[in-house]
Amino acid sequence: MTDKTMTRRDFVGAAAVVVPVTAIFASRAAVAQAKPHLDENDPVAKALMYVHDAAKVDKAKAPNFKPGQHCANCAQVPAGSSGDWLPCNAFPGKLVAANGWCSAWVAKPA
């Protein structure tokens, strides 16, 4: 019969591996959740005519807007992103509304 008790040295060695790995995953989740929603009054948002709701695009000021364009189907949003608020390459560090639109909109490749 073998002794299956964990020595203090075994415990400290295991903790030395588990704690940093857990901290890495926890910090990544916290960073993803910590991104603020883009404010329509943000200077960059205003410059790119960003709106939270593509139905409210001023077509007189945005002649390149076409119905059906929104952030969720824009190439600026990284592949695999989902939800009501999405990361966007045009607005680093901020989340845009999935139903939003801005003049940086580009169709996702088929």
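Numbering of the sequence shown is given in the working numbering, commencing with residue 4 and proceeding in unit increments.
Yeah, the Cβ is synthetic: ideal placement off N, Cα and C, and Gly gets one too.
As the structure is a prediction and not an experimental result, all values here were calculated from the model.
Please return the same chain residues whose Cβ sits closer than 7 Å to the Cβ of residue i, not counting the five positions on each side in sequence.
i     : result
Ala93 : Leu51, Gln79, Cys105 and Ala107
Phe68 : Val60, Lys62 and Trp104
Ala57 : Gln72, His73, Asn102, Gly103 and Trp104
Assuming the contact rule is C-beta atoms closer than 8 Å, residue i and residue j should be a hit. Round their C-beta distance to whole Å, please.
i      : j     : result
Lys111 : Cys74 : No, Lys111 and Cys74 are not in contact; Cβ-Cβ is about 11 Å, not under 8 Å.
Ser40  : Leu89 : Reading off the sequence shown, one finds His at residue 40, where the question assumed Ser. The pair is not a contact, with the Cβ atoms about 10 Å apart (cut-off 8 Å).
Gly86  : Lys38 : About 12 Å separates the two Cβ atoms, so there is no contact after all.
Compare the C-alpha of residue i against each of the options and name the closest.
i      : options                        : result
Ser84  : Ala100, Ala65, Lys69 and Gln72 : Ala100
Val109 : Asp56, Cys91 and Gly96         : Cys91
Asn102 : Ala113, Ala82, Gln72 and Gly96 : Gln72
Ala82  : Arg11, Ala113 and Ala37        : Ala113
Quick one: what does DSSP say residue i is sitting in, helix, strand or coil?
i      : result
Ala32  : Below a pLDDT of 50, predicted positions are generally treated as unreliable, and Ala32, at 46, falls in that range; the measurement from the model is reported next regardless. In this structure, Ala32 counts as helix in the three-state DSSP scheme.
Ala48  : helix
Cys77  : strand
Ala63  : coil
Ala110 : strand
Trp88  : strand
Ala82  : coil
Ala93  : coil
The ligand SAH heavy atoms versus the CB of residue i: any closer than 6 Å?
i     : result
Ala50 : Here there are no bound small molecules, and the ligand SAH is not part of this structure.
Please return the same chain residues whose Cβ sits closer than 8 Å to the Cβ of residue i, not counting the five positions on each side in sequence.
i     : result
Lys49 : Glu43
Ala33 : Caution applies to Ala33, whose pLDDT of 49 falls short of 50 and renders its modelled position unreliable; the model cannot decide the point.
For residue i, which residues from the same chain have a beta carbon less than 6 Å from its beta carbon, with the 5 sequence-adjacent residues on both sides left out?
i     : result
Thr10 : none
Lys64 : none
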